[in-house]
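The block underneath contains the structure these notes are about, expressed in structure tokens.
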Amino acid sequence: MDLPGIALRFALFVDLLLLVGIAGYAGWRHPVARLPWIVAMLAIVGMLLSAAGLVVLAAGMAGTAIGDVDRTTLEMVVTATAVGRSWVVRIVALCVAVALAARPRLAALAGAVALATLAWSGHGAMDEGVIGRVHLVADIVHLLAAALWIGVLALLCALLVRVPDPSRLARTHRLASGFAGLGTVLVVAIVASGIVNAWLLVGGFGGLTGTLYGRLLLVKLMLFAAMLCLAALNRFRLTPALALPTGDPASAWRGLRASVAVETGCGIAILALVAWLGTLAPPVAGL
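For the sequence shown, the positions run 292 to 578 when the numbering used here is used.
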């Protein structure tokens, strides 16, 4: 198991998903204090993680230790490989995100470009022709939809971590209820793109049960199903209870806080699995 590579992939996934999700949703309909600072810091961390990831990638391609990677090897990876060229696009996009941090909607678009480049460092780049383009598009849709979901969860966590007051209750209700319609669209996008990816990478039921990749994918699907159940609980029961004129909004707040915490934990576990899956050969590679 390539632990350094998995850890870097996981950290980069989390960072770029938060950048796009927070900047996109907060800039669109949920203003956040110190948002430009948050956007800039996430973009800078993304550049640092990308730089470290390039060194690890170059070491793996050259078959050398990380400390032995030289400038020539790095230049070869950047100029002669698709993943290297996508790395350049990511760095440029993150620089743009830093420059536009005070304009979160535009920064989110730059972050979305940076996030999309991760598709070229995963299994989406292994196919060619029309199938390759379909795979890359599915990967990008999957990433962007996940980013908005994770971003809203992060915003909810920031609100729910403190003791509620009437103003915080109202803001939490607006954020959670406002996400309902978009959340449905995101679920459809994640499921549809996930089906395409599974079809292209797994190939059949045997690939799910007979390989490590398939078994990890099944765990990911179970975690995603748990997230869907919790999201439904939040949408149809806990969030409406925050605004009821009668009842116990404090109890609804505690329930929502627990539900969002578990949902966020499931999301983090999924990202860790995705980082691991990206280092494994998919079942179709053995066909």
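All C-beta atoms, glycine included, are put in the ideal place defined by N, C-alpha and C. A quick note: this is a predicted structure, and the numbers were derived from the prediction, not measured.
The alpha helix (DSSP H) with residue 412 in it runs from where to where?
Note, residue 412: premise wrong, no alpha helix (DSSP H); not H, not E.
Which term fits residue 396, buried or exposed, when burial requires 16 or more other beta carbons within 10 angstroms of its beta carbon?
exposed
Touch check for the segment 472 to 490 and the segment 552 to 562: three-plus C-beta pairs under 8 angstroms?
no
Can you give the Cα-Cα distance for residue 376 and residue 545, rounded to whole angstroms?
47 angstroms
For the segment 356 to 372 against the segment 296 to 313, are there 3 or more C-beta pairs whose distance is under 8 angstroms?
no
8 angstroms contact criterion, which residue 525 and residue 542 should meet: CB distance rounded:
So it is not a contact: roughly 14 angstroms between Cβ atoms.
What are the start and end residues of the alpha helix (DSSP H) that includes residue 391?
Segment: none, residue 391 is in no alpha helix (DSSP H) and carries neither H nor E.
Would you decide whether residue 412 is buried or exposed? Buried here means 16 or more other CB atoms lie within 10 Å of its CB.
buried
Burial state of residue 513, where buried means 16 or more other Cβ atoms lie within 10 Å:
exposed
When the distance is taken between beta carbons, is residue 335 closer than 8 angstroms to residue 445?
no
Out of 437, 293 and 480, point me to the one whose CA is closest to residue 403's CA.
437
Does the pairing of the segment 333 to 347 with the segment 378 to 386 give three or more beta-carbon distances under 8 angstroms?
yes
Classify residue 458 as buried or exposed, calling it buried when 16 or more other Cβ atoms lie within 10 Å of its own Cβ.
exposed
Proximity to residue 471 [Cα-Cα], best of 348, 534, 425 and 440
440
Evaluate residue 461 with the Cβ neighbour count: other Cβ atoms within 10 Å of its Cβ, from every protein chain shown; 16 or more gives buried, anything less gives exposed.
exposed
Assigned secondary structure, residue 500 (DSSP; H/G/I helix, E/B strand, else coil)
helix
Keeping to the same chain, check which residues put their C-beta closer than 7 angstroms to that of residue 320; ignore five residues upstream and five downstream.
469
Going by DSSP, what residue range makes up the alpha helix (DSSP H) through residue 308?
294 to 320
Please identify the residue among 502, 516, 522 and 528 whose C-alpha is closest to the C-alpha of residue 568.
502
Looking at the ligand NAP, does it come within less than 7 angstroms of residue 365, judged from the CB to the closest heavy atom?
The ligand NAP is absent from the structure shown, which contains no ligand whatsoever.
Taking residue 522 as the reference, which of 552, 494, 508 and 504 has the closest Cα?
552
Between which two residues does the alpha helix (DSSP H) carrying residue 422 extend?
420 to 451
8 angstroms Cβ shell around residue 369 - same chain, five flanking residues per side excluded:
345, 375, 376, 378 and 379
When the Cα of residue 393 is compared with those of 515, 351 and 323, which residue comes out closest?
323
Please name the residue, chosen from 408, 389, 556 and 373, that lies closest to residue 419 on a Cα-to-Cα basis.
373
Which of the three DSSP states is assigned to residue 348 in this structure?
helix
Exposed or buried, which one is residue 295 when buried takes at least 16 other CB atoms within 10 Å?
exposed
What residue from 330, 570 and 364 has the CA that sits closest to residue 300's CA?
570
Go through its chain and collect everything with a Cβ distance to residue 381's Cβ below 6 angstroms, but skip five positions before and after it.
341, 405 and 408
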